[in-house]
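Protein chains: 2
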Amino acid sequence: MEILENKSISCVKGFRAAAVSAGLKKGGKLDMGLVVSDVPAVAAGVFTTNIVKAAPVQIDMKHIKNKTTRAFVINSGNANACTGQQGLDDAESETAKVASALGFSSDEVLAYSTGVIGVPLPMDKINAGIDNCLDSLRDGGDDLAKAIMTTDTKEKSIYLRMQLSGKDVDICGIAKGSGMIHPNMGTMLSFVATDCNITKEMLTRIQKDVTAGTFNMVTVDGDTSTNDSATIIANGEAGNTLIDRPDTQDYECFSEAVYYVTEFLSKAIAADGEGATRFIEVYVYGADDINQARTLARSVAGSSLVKAAMHGADANWGRVLCAMGYSGAQFDQNKVDVSFESEAGSIDVFLKGVPLKFDEEQASEILTKDSIRISVNLNSGEAQAKSWGCDLTEEYVKINGDYRS
Amino acid sequence: MEILENKSISCVKGFRAAAVSAGLKKGGKLDMGLVVSDVPAVAAGVFTTNIVKAAPVQIDMKHIKNKTTRAFVINSGNANACTGQQGLDDAESETAKVASALGFSSDEVLAYSTGVIGVPLPMDKINAGIDNCLDSLRDGGDDLAKAIMTTDTKEKSIYLRMQLSGKDVDICGIAKGSGMIHPNMGTMLSFVATDCNITKEMLTRIQKDVTAGTFNMVTVDGDTSTNDSATIIANGEAGNTLIDRPDTQDYECFSEAVYYVTEFLSKAIAADGEGATRFIEVYVYGADDINQARTLARSVAGSSLVKAAMHGADANWGRVLCAMGYSGAQFDQNKVDVSFESEAGSIDVFLKGVPLKFDEEQASEILTKDSIRISVNLNSGEAQAKSWGCDLTEEYVKINGDYRS
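Taken in sequence, the protein lines are chains A and B.
First residue of the first sequence? That's 5 in our numbering, and the numbers climb one at a time after it.
First residue of the second sequence? That's 5 in our numbering, and the numbers climb one at a time after it.
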């Protein structure tokens with residue numbers, strides 16, 4: 005498995021992509037994109053569990069059930085959420101327009117939107133944007149990761165290559181996130197395209213598995229935005245032997261690669277949280293089971309008080325314990341160890357339920373680095389989990405105090 | 005029922021109180037207090053559901069089971085949480101010292117701490133503080149609400165008088181809060197003292213009922229700090245006919261008065277959230293049942309994105325819908341109405357699931373007031389609930405980035 009510099013979905017065999025400016029964002033920024041597979045492909049998707057689902061999510065949850073999938077049409081700048089029947093009609097109309105132009109059926113096309121809630125899509129701009137995307141499909145798409153950004157400050161993309169049954173198999177993933185005060189409240193979109201030859205059933209299984217350990221450790225399941233979507237599409241153009249069973253080395257190998265891609269994107273989303281100056285990884289180990297480990301890790305990474313303490317480079321482990329305590333997971337506080345780590349070193353602050361005297365200066369030196377790990381050992385079992393977040397800053401409040409204008 | 009200007013627990017018949025500086029806070033600030041009933045009283049308490057319970061909470065949960073209660077000893081500046089066996093020993097020693105000096109049994113005394121987590125109580129200062137409290141019990145106590153403050157900027161107290169069976173019955177409540185980014189993460193302490201003649205059973209019942217509708221709508225049950233405690237004590241000195249049944253007018257009347265006191269304190273806690281510039285009431289009505297209404301109201305009031313929008317006076321009702329959607333409660337978004345209100349007027353922004361065009365200037369004028377109400381009508385049933393919070397500000401982040409120093 006190697007990581008390539010190439011970061012465009014259009015470099016994966018049999019995929020084309022486009023990114024254009026449709027005038028949804030101010031200042032001529034890129035705000036629409038299209039991904040097309042030249043051959044019928046299979047796709048798997050995970051969508052928000054929020055009761056209030058954006059119109060494109062409602063449409064996609066039907067379309068993803070189709071045996072084959074051919075295209076994604078994506079816009080930023082408008083979420084098409086809380087837009088009633090009009091919103092559903094508009095999302096359907098987008099998929100129909102793309103399908104009609106390319107000779108697909110409507111349910112082979114998925115639509116994605118992110119941006120402001122409650123404003124109907126300006127369909128004249130959307131339709132013109134789709135036309136522009138179709139025109140530039142041949143050579144475009146390198147900027148797709150940019151076109152899906154909202155308050156993101158950096159593009160998030162990764163490109164992997166591996167060999168399966170003697171064939172090169174490529175995977176390209178792009179994502180957008182941000183809005184990270186709770187790791188679960190920013191709209192997260194992720195698109196993974198691969199030329200792997202795999203059944204829809206196996207792809208769905210892998211997508212579900214990796215999402216639980218990666219995206220859901222940034223974007224908490226059951227506690228999500230109206231538009232969150234993570235989709236993977238595989239068109240088989242690599243020509244590897246079909247992956248149709250889970251108990252094979254190819255399945256294992258491909259699954260690991262997808263995990264690598266989604267973990268990379270999850271961390272990139274966390275690191276680029278709104279206003280963030282610091283990336284935080286919470287590592288819970290020695291847990292009785294993975295659900296306990298995940299619940300605790302997410303609770304700590306999502307605690308506003310922990311995030312604010314990390315912003316202040318304050319080794320306030322009490323807030324770590326407090327966030328674990330209200331997480332809903334059971335644990336024995338008298339067995340817990342807590343330490344803080346970064347490239348500047350590691351410091352133990354809590355051991356078997358007892359606070360340790362530690363050098364505040366050393367702790368502060370560790371915590372002023374850009375990337376921090378909070379490690380929690382439950383000293384009970386063998387399970388572990390990681391969750392990712394960022395610090396809470398004054399800048400976050402500024403960004404979110406007046407997002408719509 | 006009348007509200008008196010007098011705001012000290014020591015004005016309630018049969019109670020004495022003291023507030024002193026024990027050197028736990030910097031600069032000679034008041035940081036310890038004592039409340040004593042001259043006669044055996046009954047008490048009821050509600051404590052944090054956080055798995056990580058501070059030492060005094062663990063002690064109090066045992067002592068509150070005693071038939072009679074005589075005293076509360078309280079300190080700010082140190083939470084005595086995550087302090088292991090030493091912390092438990094220290095909290096027990098506090099109650100024993102007070103009991104011994106006043107001729108009570110240890111389990112008639114409750115201890116409360118709030119402040120930094122994980123630092124053992126400086127027992128020399130605590131013991132000297134208790135001695136000072138005992139010395140000033142006769143004439144002190146007016147400043148007790150000040151002595152329990154941490155990052156609170158205002159004292160929170162209220163004094164009510166009512167007549168029951170021809171006797172004056174007084175209720176005095178004091179509280180501290182703050183730390184309000186989630187309405188559930190700041191340590192909340194509340195003390196209510198009354199001379200009402202009531203059984204422990206009835207007092208416990210009232211305490212439980214009012215907490216669910218008031219303190220728990222600020223400090224969410226199951227999602228609380230290590231030290232949260234709300235205690236009520238009644239010594240019977242008013243001489244009213246004993247309240248020993250719920251189906252009486254006296255029970256109803258007293259219960260309403262306690263509700264009034266705790267709702268007042270809850271709102272005062274919300275309005276004085278760390279860094280807050282704006283008080284927010286979320287009012288959910290037309291709900292099928294009270295649990296649905298409470299869950300939705302709390303989710304909206306606790307949403308960091310809603311709080312940040314309110315700080316920016318941004319009528320971003322999409323975030324209201326989003327917070328409702330991930331609350332865990334079921335509802336039909338196509339029936340929902342949302343409006344914003346303040347002393348500057350009221351504006352409807354969402355009607356039966358459809359966004360309304362509204363005057364942004366008028367909305368902004370409404371939302372720049374100090375006290376805002378977000379009203380949500382589910383148009384389904386008859387149940388309703390209110391939750392209280394505050395806006396999220398840059399100042400909050402500053403306060404919490406370096407709380408320990």
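Every residue gets a Cβ at the ideal spot worked out from N, C-alpha and C, and that includes glycine.
Just so we're clear, the structure is a prediction, and the values are computed from it rather than from any experiment.
Cross-strand partners of residue i (DSSP beta bridge)
i	result
residue 46 of chain A	A/238
residue 459 of chain A	Only positions 5 to 409 of chain A appear in the structure, and residue 459 of chain A is not among them; the question remains open.
residue 36 of chain A	A/24 and A/79
residue 167 of chain A	A/172
residue 51 of chain B	B/233
residue 154 of chain B	According to DSSP, residue 154 of chain B bridges with nothing at all.
residue 247 of chain A	A/202
residue 41 of chain A	A/19
For residue i, three-class secondary structure by DSSP
i	result
residue 11 of chain B	coil
residue 326 of chain B	helix
residue 229 of chain A	coil
residue 4 of chain A	No statement about residue 4 of chain A is possible, as the shown extent of chain A runs from 5 to 409 and does not include it.
residue 209 of chain B	helix
residue 320 of chain A	coil
residue 334 of chain A	coil
residue 384 of chain A	coil
residue 278 of chain B	coil
residue 401 of chain A	helix
residue 6 of chain B	strand
residue 257 of chain A	helix
residue 391 of chain B	strand
residue 189 of chain B	With a pLDDT of 45 at residue 189 of chain B, under the threshold of 50, the predicted position of this residue should be treated as unreliable, though the coordinate-derived value follows. It is coil, neither helix nor strand.
residue 378 of chain B	strand
residue 72 of chain B	coil
residue 160 of chain B	strand
residue 19 of chain A	strand
Start-to-end residues for the alpha helix (DSSP H) that takes in residue i
i	result
residue 4 of chain B	It is not possible to answer for residue 4 of chain B, since the shown part of chain B is limited to 5 through 409.
residue 362 of chain A	No alpha helix (DSSP H) contains residue 362 of chain A, which DSSP labels as neither H nor E.
residue 115 of chain B	Residue 115 of chain B -> not in any alpha helix (DSSP H); beta strand (DSSP E) instead, spanning 113-118.
residue 29 of chain A	Counting along the chain, residue 29 of chain A falls outside any alpha helix (DSSP H), and DSSP gives it neither H nor E.
Boundaries of the beta strand (DSSP E) in which residue i is found, first to last residue
i	result
residue 296 of chain B	First-last for residue 296 of chain B: 294-306, but that is the alpha helix (DSSP H), not the beta strand (DSSP E).
residue 172 of chain A	171-180
residue 349 of chain B	349-355
residue 94 of chain A	Careful: residue 94 of chain A lies outside any beta strand (DSSP E), inside the alpha helix (DSSP H) at 88-106.
residue 286 of chain A	283-291
residue 61 of chain A	Element bounds for residue 61 of chain A: not the beta strand (DSSP E) but the alpha helix (DSSP H), 59-67.
residue 345 of chain A	341-346
Check: residue i C-beta below 7 Å from any heavy atom of the ligand COA
i	result
residue 401 of chain B	As presented, the structure is devoid of all ligands, the ligand COA included, so that no description of it is given.
Any C-beta of chain B under 8 Å from that of residue i
i	result
residue 67 of chain A	no
residue 402 of chain A	yes
residue 396 of chain A	yes
residue 334 of chain A	yes
residue 312 of chain A	yes
Chain A contact for residue i (CB, 8 Å cutoff)
i	result
residue 23 of chain B	no
residue 219 of chain B	no
residue 226 of chain B	Reliability of the predicted coordinates at residue 226 of chain B is poor, the pLDDT of 40 falling under 50, and no value is obtained from them.
residue 110 of chain B	no
residue 308 of chain B	yes
Contact set between the segment 45-65 of chain B and chain A, restricted to residues whose Cβ is under 9 Å from the partner
52, 53, 54, 55, 56 and 57
Residues within the segment 319-331 of chain A neighbouring chain B, beta-carbon criterion of under 9 Å
319, 320, 321, 322, 323, 325, 326, 327, 328, 329, 330 and 331
Selection of the segment 267-294 of chain B by Cβ proximity to chain A, strictly under 7 Å:
none
With 8 Å as the C-beta to C-beta threshold (strictly closer), list the residues of the segment 66-94 of chain A near chain B in chain order.
83, 85, 86, 87 and 88
Members of the segment 337-368 of chain A that neighbour chain B once the beta carbon cut-off is set at 8 Å:
337, 338, 354, 357, 358 and 359
Interfacial residues, the segment 112-136 of chain A to chain B, with Cβ spacing under 9 Å:
120, 121, 122, 123 and 124
Check distances from the C-beta atoms of the segment 162-182 of chain A to those of chain B and list, in chain order, the residues that come in under 7 Å.
none
What residues from the segment 227-254 of chain B come within 7 Å of chain A, judged by C-beta to C-beta, listed N to C?
227, 228, 229 and 230
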